[in-house]
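The structure appears below as structure tokens.
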Amino acid sequence: MHRDLRIRDLRSKGSAATPALLALLITIMVVATVYVFAANLYPAPTAITAIGEMIDRQYDMTLWVTGIVFILSQLGLAYAIFRFRDRGQKAAFTRGNNTLEVIWTSATIILFVGLGLLGRKAWGETRFTPAEPNAIQVEVTTNQFAFNFRYAGPDGKFGRIDTKQISASSGNPLGLDSNDPAGKDDIVVPTLTVPVNRQVELVLHSQDVIHNFYVRELRLQQDAVPGLAIPIHFTATKIGQYEVVCTQLCGLGHYHMRSLLNVVSDEDYAAFLKASAQ
Amino acid sequence: MSSHAHSAPHAMPAPTGFISKWVFSLDHKVIGIQYFLLALAAVCLGIVLSVLMRFHLVWPSAHLPFITGGQMTPEQYLALVTMHGTIMVFFVLTTAPQSGFGNYFLPIQIGAADMAFPRLNMLSFWTTFLAFVAIIAAFFVPGGSPISGWTAYPPLSGLGQVTGPGEGWGQTMWIVSIALFCGASLMGALNFIATIIDLRAPGMTLMRMPLTCWGWFVTAILGLLAFGVLLAAGVLLLLDRSAGTSFFVPASEVVTDTLLNHKGGSPILWQHLFWFFGHPEVYIAILPGMGVASHLLSTFSRKPIYGYRAMAYAMCGIGFLGFMVWGHHMFISGMSPYSGFAFSVLTMAIGVPSAIKTFNWLGTLWNGKIQFTSPMLFALGFVSLFISGGLSGLFLAQPAVDNRLHATYYVVAHFHLVMGVAAIFGIFGATYFWFPKMFGRMMSEPLGKLHFWITFAGAYCIFMPMHFIGIAGAIRRYADYTGVQYLAQFQPVHKFMTIAAFITAAGQLIFLWNFFWSLKHGAKASDNPWHATTLEWSTATPPPHDNFGGHYPSVYRGPYEFSVPGVTEDYVPQHLAPQEVPRSK
Amino acid sequence: MPIASVNDVVEIIEPKRGGPSGPSKPPRGFGGGGNGGGSGSDSPGRQRAYVTGMTVALGGILMFFMALVSAYIVRKGAGTDWRALIVPRILWVNTAILIISSFTLSRSRRHFLRDDLQGFRHWWYVTTALGFLFLVGQLIAWRQLNAAGVYLASNPSSSFFYVFTAAHGLHILGGLGALLAVAFHKGRRMSLATSSSVVAMYWHFMDGLWVFLFLLLTLGR
């Protein structure tokens, strides 16, 4: 009995220090997190497409909803921890409240599922809607650990690919069939150059393992899967140079698999095509 | 049932030899401890791997004494990524809470003498052990351990050595290990389900089971349905690698200018099979933790759990929905965008039972009489981490927003908080809580509290900043940040997280010390030191071989009868007959 | 608090609504749980657990095969390289043998339930023999395919054929082991009634699974 009492003391040491410290830690965590977002300490670069801005709006809305729930529930937890610490009181005897269960279940259904349904628009714009017929076509071919971008050239036709002729070492990384005249004027370059305010359709290919095409300013990310040709499209609205990175683990050189996206004026784009055709 | 059946001696007397008692034991308690120790070894290794990763990210050119060549190569970094993930997910988060504590306490909490199939139980443990040996062996085979991550996406994982070092023997060992683990988990799941269905004590209805048992029950069902699928996928992947089949490897593969001889397999098929397992696996890791947290919050608030039925149904709901959301790992994989959207809505819906649980945890604390013991601190930490990590999932569940966040450190932060650290907090809470019952001694409270402060603050310091840089575009699984220019700006944050990781990892030594020191020197524990209500506290400490010493309990009430008005003590054990309950006059 | 009668206390600690409550006395026998588990190896709880365990195990096995089946369907739709596999004729015979073995097994169980142990054993042996015959037939089917130049890696359709037949064959092999174990039953942990019924469940399931796979391989090729 004596021993048991000692352990009981240990169970319910009425000190306020522990609950106070725990409540304080949670509060600090909440304040710090809110501060980082409010002060925008780690800003993402601004989106350079209309769809990117739409995605950001959906993101912001989610941030507001989850942010409020986060602050309320964490601070509620901190409050309960300090307020209901053992001070020798008697705990309330309750098994719950069905009305409350129904209320918070319905509230979260509306909030969470509603948020998910609202996200349909931005996702639909990126994936459901196909590219316009006059969009600039660029074929993206990935391999360990490089991007290659192919333009159809003046004839507007992509040449045939013959996998047997693939040889990065002899300057034909895509395996353009040397017998196909349509391929003679194809432009193959290691960076992507597109004109501003024109829709571009990329068709993603991979020669070996799964890679990914990600430009954070485009808010666009898509795997390039061997055996599949996956189309994505975007319309960049801001001239500039952006980094293209691979975000799908593709092997030991994954971390340096990168390229550049140059968004240029129409004149510069024409000049680029001309220079590359040489 | 006759009283004779009640008092009948156990069919199997306690074994006496060392081998039959501690190695090839049939006793679920010993097997539970074996699982726990296996997970403890695995978690130590997993933490060391993660510390090495964090070190390399901040000081990539530093010379490390135990690495051939002195400097870590990109493939060694990716090997760390893969092995850390695999060991933590399978051998820690699946093993400790379910197979470890579940094995030890499920039969006692429902009033049974053992699991339904003790031999199967032993077989299951030793198969898990073999799986662990196989994964450790992957470090030492030619080429080293695999570099394709714990998700092992083909073709990277399907072609052998050509796609990178570690993709030869290392990847094969990985598949063998996972296949063994699947087999072991299936045996375990079967045992758990049969035990819960058929071996409950008289009066122990499903709705009187402790929520821990509900957690183990739903987890076992998830394991039963999920691990067979991973096993099938693993067999097919192994055939692609070794027999030249083309289930996952597509045609016309060209690796470093060499055309490979495969036909049109589907890499995305692997992703579907893997995530059909992989998403329920997340709940396999967290559901037992939810059960433990509920159990501890009620016990140390001295209040009945708030909304017991809602809690039990929420677990079932999570388990049910958990099988319908796997596609949210594949929004940008090339899967149909329409099914992506359907997966998105279902994923948002799975937030609902999780929210129900959170509300009920807060409801349990409200107007309670909270005792801040070490297990309770970890349970409270669990709630906080689960809120943080769960809410960040609402971003990733939306494919449009996932376009922006996929494969960034945001994802890493999200799943570490919600299924990694939170589940580990569940394990720690369970350890501090049940240690006295398992080993007859108390763990040190001051050391337990110190361990909590370091781990709780440390976990947030590591993983909160990870969200921020992920939102800004920091990519995961990069061996260093020299390739992509915009990543350099995150280096100070990485340094902060690395230092936090060092301190947090060092803090775990306090736990190890406390654990092993208390085994011998802890204060002697009484049979019910926490004044808890469930059946494990009604028997001796540590429990005898047949759990209740030849006497089997009957159950008269629900599991969380605390602070019942009109009763002397502030708890009413499940096994006390109504006339035995001491009443205040 | 005034002095309460025993019944009042029961009411207080066992309210009927909103929580984990129930009758104040533990239900006896079936209904509210088992029999405390450890009370003897031939207790009804333990014997029931074997049946439950087998049901659950079949669920896990079903998931394994369903994963393969869904892979089959997806893979068939995904590639352009799929060539329909003409299954060897002997599979029809094998399928018939396996179906007949289910009937002989039922017959054996009926004899057992009538306490006719001799009839039980007789039909049990017949079932076991048919099971062996099925496996031999499957091996012959493999040899025929090999002779025709159809190997594991020849085409995805052949890959799946070998995977399905091998996975199912291994399960049948396990089933044969169980049939033999029951045939030479010495009566330890499991009663003969339990073990024969559990093995019969397994065998019928494997039979049905094979019919399904066979239809998939012939009609769904």
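Read top to bottom, the protein sequences are chains A, B and C. So the first sequence is residues 1 to 278, counted in our numbering. So the second sequence is residues 1001 to 1585, counted in our numbering. So the third sequence is residues 2001 to 2221, counted in our numbering. Every residue, glycine too, gets a C-beta built ideally from N, C-alpha and C. Computed from a predicted model, the values in this text were never measured in an experiment.
Query: Report the residues of the segment 44–75 of chain A with a CB closer than 7 Å to any CB of chain B, ordered along the chain.; Result: A44, I55, Q58, Y59, T62, T66, V69, F70, S73, Q74
Query: So, is the C-beta of T1163 of chain B closer than 8 Å to a C-beta in chain A?; Result: yes
Query: Check whether the segment 1059–1079 of chain B and the segment 1028–1042 of chain B are in contact - that is, three or more C-beta pairs closer than 8 Å.; Result: no
Query: Ends of the beta strand (DSSP E) at F1490 of chain B?; Result: Element bounds for F1490 of chain B: n/a, residue is neither H nor E.
Query: Taking its Cβ as the centre, do 16 or more other Cβ atoms sit within 10 Å of S169 of chain A, making it buried, or is it exposed?; Result: exposed
Query: Would D1114 of chain B pass as an interface residue toward chain A - the criterion being a Cβ-Cβ separation below 8 Å?; Result: no
Query: Can you tell me whether DSSP reads E1167 of chain B as helix, strand or coil?; Result: coil
Query: From the DSSP output, in three-state form, read off G240 of chain A for me.; Result: strand
Query: So what's L1078 of chain B in DSSP terms, helix, strand or just coil?; Result: helix
Query: Which residue comes first and which comes last in the beta strand (DSSP E) that contains F149 of chain A?; Result: 146–151
Query: Just mark G2033 of chain C as buried or exposed, buried being the case when its beta carbon has 16 or more other beta carbons within 10 Å.; Result: Here the model assigns G2033 of chain C a pLDDT of 38, short of 50, so the residue's position is not dependable and the matter cannot be decided.
Query: Which full runs of the alpha helix (DSSP H) of 4+ residues lie inside the segment 2089–2173 of chain C, going along the chain?; Result: 2090–2113, 2117–2147
Query: Report the rounded CA-to-CA distance for L2176 of chain C versus I1136 of chain B, giving the unit in angstroms.; Result: 35 Å
Query: Taking the alpha-carbon positions, what's the P961 of chain B to Y1035 of chain B distance?; Result: Nothing can be reported for residue 961 of chain B, as the shown portion of chain B is limited to 1001 through 1585.
Query: For Y214 of chain A, which residues of its own chain have a beta-carbon under 6 Å away from its beta-carbon, when the five flanking residues on both sides are left out?; Result: Q221, V245, T247
Query: Name the two residues that bound the continuous alpha helix (DSSP H) containing M1281 of chain B.; Result: Residue identity check: residue 1281 of chain B is Glu in the sequence provided, not Met. Counting along the chain, the alpha helix (DSSP H) containing E1281 of chain B begins and ends at 1267–1301.
Query: I need the straight-line Cα distance from S1339 of chain B to H1272 of chain B, nearest angstrom please.; Result: 12 Å
Query: Smallest Cα separation from D1480 of chain B: which of B:Y1077, B:L1052, B:Y1556?; Result: B:Y1077
Query: Let me see if you follow: with CB-CB separation under 8 Å, is A1011 of chain B close to chain A or not?; Result: Low local confidence applies: a pLDDT of 46 at A1011 of chain B is under 50, so the model's placement there is unreliable, and no value is given.
Query: Using a Cβ-Cβ cutoff of less than 7 Å, which residues in the same chain neighbour G2018 of chain C once the five nearest sequence positions on both sides are dropped?; Result: With a pLDDT of only 35 at G2018 of chain C, under the threshold of 50, the placement of this residue in the model should not be trusted, and no figure is reported.
Query: Does the segment 1211–1220 of chain B come close enough to the segment 1096–1109 of chain B that 3 or more CB-CB pairs lie under 8 Å?; Result: yes
Query: Kindly list the residues whose CB is nearer than 6 Å to the CB of I1370 of chain B, restricted to its own chain and excluding five residues on each side of it in sequence; keep chain order.; Result: S1301
Query: Going along chain B, which residues have a C-beta under 8 Å from G253 of chain A?; Result: P1074
Query: Check each residue of the segment 1334–1347 of chain B: if its Cβ is closer than 8 Å to any Cβ of chain A, include it; give the result in chain order.; Result: G1334, P1337, Y1338, G1340, F1341, S1344, V1345, T1347
Query: Please report the straight-line C-alpha distance between L118 of chain A and S276 of chain A, rounded to a whole angstrom.; Result: 43 Å
Query: Three-state secondary structure (DSSP) at T66 of chain A?; Result: helix
Query: If you run the structure through DSSP and keep just helix, strand and coil, what is S2196 of chain C?; Result: helix
Query: Quick check: is the beta carbon of S259 of chain A nearer than 8 Å to any beta carbon in chain B?; Result: no
Query: Which partner residues of T1539 of chain B appear in the DSSP bridge assignment?; Result: Its beta-bridge partners do not exist; DSSP assigns none.
Query: Quick check on the DSSP output: what are the complete alpha helix (DSSP H) runs of length 4 or more inside the segment 1083–1142 of chain B, in order along the chain?; Result: 1103–1109, 1118–1137
Query: Is there a Cβ of chain B sitting closer than 8 Å to that of S169 of chain A, yes or no?; Result: yes
Query: Taking DSSP's pairing of strands, which residues face P231 of chain A in a bridge?; Result: A:V203
Query: Measuring only between beta-carbons, confirm whether T1358 of chain B sits less than 8 Å from chain A.; Result: yes
Query: Under a Cβ-count criterion, where at least 16 other Cβ atoms within 10 Å of its own Cβ denotes burial, should S1344 of chain B be classed as buried or exposed?; Result: buried
Query: Figure out for me which residue from A:S15, A:V31, A:L260 has the closest Cα to the Cα of A146 of chain A.; Result: A:L260
Query: If you draw a straight line from the alpha carbon of S2196 of chain C to that of P1154 of chain B, how long is it in whole angstroms?; Result: 44 Å
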